[in-house]
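For the record, the sequence lines run as chains A and F.
Quick note: the first sequence, position 16, residue 4 per this note's numbering, numbers continuous.
Remember, this note's numbering sits 70 above the position in the second sequence when you count from 1.
Quick notes on the structure that follows.
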Amino acid sequence: MNSVILRVGTRYLAGLLLVFSFYMMLRGHNEPGGGFIGGLIGATGFVLYAIACGTEDARAALRVLPQTIAIWGLGIALLAGVFAAVFGDALFTGQWLFIGATDDDKGVPLSTVLVFDIGVYLVVFGSILTLVFAMEEEV
Amino acid sequence: MAGGFPTDVRGNGAIGVVPVLFSAALFVYFASLVPTIAAGDILRVSVPWVASLGIDFAVLVDGLSLTFALLISGIGTLVLLYSNTYLAGHPQYARFALFLTAFMVSMLGLVLADDLILLFVFWELTTLTSYMLIGFSHESEKSRRNALQALFVTGAGGVAFLAGLILLAAATGTTSISGFIAMEEDIRQHAMYLPILILLLAGTFTKSAQVPFHFWLPNAMAAPTPVSAFLHSATMVKAGVYVMARLHPAMAGTDVWLWTLTIFGAVTAVFASLLALRQTDLKQALAYTTLMALGTLTLFLGQESGYAMTAFGTFLIVHSLYKAALFLVVGCIDLSAGTRETDQLGGLGRLMPVTAFSAALAAFSMAGFPPFLGFIGKELKYAGALAVASEPLLVAGAVLLSNALMLAVAGVVAFRPFWRSSVPAGQSPREAPWQMWAGPLVLACLGALFGIYPDLLQVALINPMVVSLTGEISEAKELQLWAGFNIPLILSVATFVLGLLIYAGHVSLRARLASVFGGLPNLDTGWDRFLHGLKEFAKLQTRIVQNGKLSSYLFGTFLTIAAGILLTLVYTGMPTIAVDLSDVEWKHTSIAFLTIAGSLLVLATSSRIAAISALGVVGIGIAMIFIVFSAPDVAITQLLVETLVVVLVAVVMLRLPALPRAEFRPGHAVLSLAVGAAVTLTVVSVVSNPLDLRVTEYFEATSWPEAYGRNIVNVILVDFRALDTFGEIAVVVIAALSAYALLRTTRKGGPE
């Protein structure tokens, strides 16, 4: 699509969408959001970019092949699940670490659950872009 | 394989030697167990395997399994030694040695297993490895076809066998073989006895090539000769016989068992001996005599008397010894003279003295002349046949006829090529290297040795085997060369006379048999026709189901959905519709109108972009329903997916030609209304009943204290149901990659 306004606007919008998608993923455990929604928003950013500037530019901006991202996501999610087995729990049991926790404050919670959600994010993000890019180039 | 023996008889280096040593070590190990077993002990080793299902890696060494193990490892050693020269310098010898060794180990596992599931695993392993061996010459189409035939026939039997084993385990409550043999009475009285028996016999009959499943076995001759020697003598085909023998104490004794095994065994034995005489190819003739042996063994397993059991054990050993020896001899003849056709062979006796000697010993044993083990085996067969509970005369007659035919075949295979006076011109046969005559010689001499000293075999193997089969040492009958002047002896003499007569007239008899059997339906070509028909049916079905039209796929899918739901509703009774509409607010109504308006627009418009946008309106309407009923996560996802779908569909659709004038398709209209009605009825019936909220309450209660998350939807996704989510994202990746591959293969040119 040849529109200067869309192209210029997209440069900012796509970046904003990416940041927003990350925010949505991180807050997902307590507020509406999560890896799935985050991945969808992030993918929307790049789809917009592909429509405005063409898939070639979008691929260049992404640097990595989208299918590679999806497969890495799957691997990360699997690792997060297997991690529990190292501690003798059932597969995919969440493992938590509270940094700087006091009696009435939980500090900074880190967990394999978050890692798993990042994996979901990458899978959704990568899969959608794989499809959209291929379709845009195909037809 | 014409062209004489390999010039380099050193074989194939370490690849050739190591398997021989390996199987020799196994044989020595099993031989060292003989004194223990002969003393009446039984060895059991059991390691938990699938503990949650009560399946153990259990191994049982008793008289029956030890006899089989000795035959398998002993003949395996000789066959591997033989192959190392037979296939010397073969570029794929490593493959061959691997398959053959793997096959041998699977066979050993099969006969030693004391657990039904373990038994089945090894059973299937022998099917697979024998498939590899039969199809070893994979450049030949015939070889591939025959290997596939063996795989299909025995594999199909294997499925029935598995079903039988599962039923058996369910009926007895244990998978341990020695476990349910100990409680024998239960199985025969069990309501499932008949189905179990039929399924198990379907497995063993296909594996042991009983008529009418016999046709794959002669075709399996496509394998190199040493493989045939191994498969036909001690292993593969004996697997079915072994299983019948193993289950004999628990399953035998009923009329069904008695008659089924007697009839199938007798028919196979006689039919196969007649077919054997018809062959002119030495290897084919031997293949059919294997069928005869399998029939005879099955026949005896149908009985319960001590004579029948002793005859079974003796003939099992006799047959393994002479059959392996003769196959190996035929391999020598084949390499040496360049042909296996009886009419083109003669006078090899002086040129190949050692081979001729082994062949003669083995053939005497096969023909049942004294003082060979075959004679004792034959005497016992007659004694066993006369002790038969069902039809002694019929059985004895069948055994007599097949034995006489066997004698004639022995003459054709092992006498005529060596001692016929005329030597066909144009051949320069010579003696085989020692690695190739050692095997037949050892096996043939054992047949003679055990014939002269039957006590050796009696104490070491026959008695323990009969104990395994009947549980009583007293049931084991004595093996002796001279049992006095009795009916078996008279029958033996009759056999000799009849057999020699058949041998004398076998050339003209062969022609007559050919004309008789030519008129019978040929199961082998029937097999081809069956496979062809199957492929044609698959093609037809593909043409109907996968016709390449997207609209017909969608039609089929939705038709299935509508029919499934509506039929279920009719079957379970229509739900009572008790929907309370009192709390419907104006915002609900307006969302409903929005959605309906979007759907109608899709139907009415003839512009693609309008149709796509209208679909987006429907999606947004659904997202708003989620928002109204406070499910923000679902709503956000729905909105985002809807956005992306509109983009994706637009990308594709906008390149297509303009929509034709909207035409009315009554079939589609009826189907859409039916799907809508079915889904509506389902939803209504769900909300008409009180919801089961136990799971929801559990998640509400534990989400924060246990999973440290306030967003229950997300906690379910990444914690409570993380494994499900993982499966789903795996599906997402696979779907994306498949779609990508599909798009890439159809694409022409373009970037990258």
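Backbone N, C-alpha and C define an ideal beta-carbon position, used for all residues, glycine too.
This one's a predicted model, so the numbers in the text were calculated from it and none came from an experiment.
Item: Coil, strand or helix - F/Ser435 by DSSP; Value: helix
Item: Buried/exposed call for A/Met12, threshold 16 Cβ in 10 Å; Value: buried
Item: Residue environment, F/Asp111, which counts as buried when at least 16 other CB atoms sit within 10 Å; Value: exposed
Item: Cross-chain neighbours of A/Gly3 in chain F, by beta carbon under 9 Å; Value: Residues of chain F passing the Cβ test: none, with the nearest at roughly 18 Å.
Item: Cutoff 7 Å: F/Val803 Cβ touching any chain A Cβ; Value: yes
Item: One or two residues paired with F/Phe127 in a DSSP bridge; Value: F/Val117
Item: Where the region 314 to 345 of chain F meets chain A: residues whose CB sits under 8 Å from a CB there; Value: none
Item: Rounded straight-line distance, which links the Cα of A/Ile106 to that of A/Val35; Value: 20 Å
Item: Simplified DSSP assignment, three categories, for F/Phe166; Value: helix
Item: Cβ neighbour criterion (16 or more within 10 Å) applied to F/Arg348; Value: buried
Item: Integer-rounded CB distance, given that F/Gly372 should sit under 8 Å from F/Thr332; Value: 4 Å
Item: Those runs of the alpha helix (DSSP H) which lie wholly inside the region 473 to 512 of chain F and span at least 4 residues; Value: 486 to 489
Item: Within-7 Å CB hit, F/Arg678 to chain D; Value: Looking at the structure shown, chain D is missing, and the protein chains on hand are A and F.
Item: Where A/Phe34 meets chain F, residues with beta-carbon distance less than 8 Å; Value: Chain F residues near A/Phe34: none, gap ~11 Å exceeds 8 Å.
Item: Close Cβ partners of F/Met177 (< 6 Å) along its chain, the five nearest in sequence each way excluded; Value: Ile142, Thr196, Thr305
Item: Neighbourhood of A/Gly16 by C-beta, 8 Å cutoff - its chain only, sequence neighbours within 5 removed; Value: Gly22, Gly23, Ile25, Gly26, Asp105
Item: Limits of the alpha helix (DSSP H) - the one that F/Trp329 falls within; Value: 325 to 348
Item: Touch test, the region 327 to 345 of chain F against the region 386 to 398 of chain F, Cβ-Cβ under 8 Å, three pairs minimum; Value: no
Item: Coarse secondary structure for A/Val96, derived from DSSP in three states; Value: strand
Item: F/Val757 vs F/Ser773 beta-carbon contact at 7 Å; Value: no
Item: Contiguous alpha helix (DSSP H) assignments of at least 4 residues, all confined to the region 341 to 394 of chain F; Value: 352 to 371
Item: Beta-carbon proximity of F/Ala433 to F/Ala484, cut-off 7 Å; Value: yes
Item: C-alpha distance - F/Ala662 paired with F/Ser677, whole-angstrom precision; Value: 24 Å
Item: C-alpha gap between F/Ala101 and F/Val313, whole angstroms; Value: 22 Å
Item: Contact list for F/Tyr66 against chain A, beta-carbon separation under 7 Å; Value: Residue 66 of chain F lies beyond the residue range present for chain F, which begins at 71 and ends at 822; the question has no answer from this structure.
Item: Simplified DSSP assignment, three categories, for F/Glu712; Value: helix
Item: Reduced DSSP secondary structure (H/G/I, E/B, other) of F/Trp193; Value: helix
Item: Three-way DSSP call (helix, strand, coil) for A/Ser115 in this model; Value: helix
Item: Where F/Asp132 falls, given that 16 or more other Cβ within 10 Å makes a residue buried; Value: buried
Item: Rounded separation between F/Glu542 and F/Gly376 - CA only; Value: 9 Å
Item: Exposure of F/Glu209, with buried meaning 16 or more beta-carbon neighbours within 10 Å; Value: exposed
Item: Own chain residues within Cβ distance below 8 Å of F/Lys353, not counting five before or after; Value: Met291, Thr295, Ser298, Phe397, Val400, Asp404, Arg410
Item: Closest Cα partner of F/Ala167 within the set F/Ile85, F/Tyr263, F/Gly383, F/Asp794; Value: F/Ile85
Item: Pair within 7 Å by beta-carbon distance, F/Leu418 and F/Pro503; Value: no
Item: Cβ-based burial, A/Thr90 [other Cβ within 10 Å; buried from 16]; Value: exposed
Item: Buried versus exposed call for F/His712 [16 or more other C-beta atoms within 10 Å across all chains shown]; Value: The sequence shown places Glu at residue 712 of chain F, not His. F/Glu712 is buried by the Cβ-count criterion.
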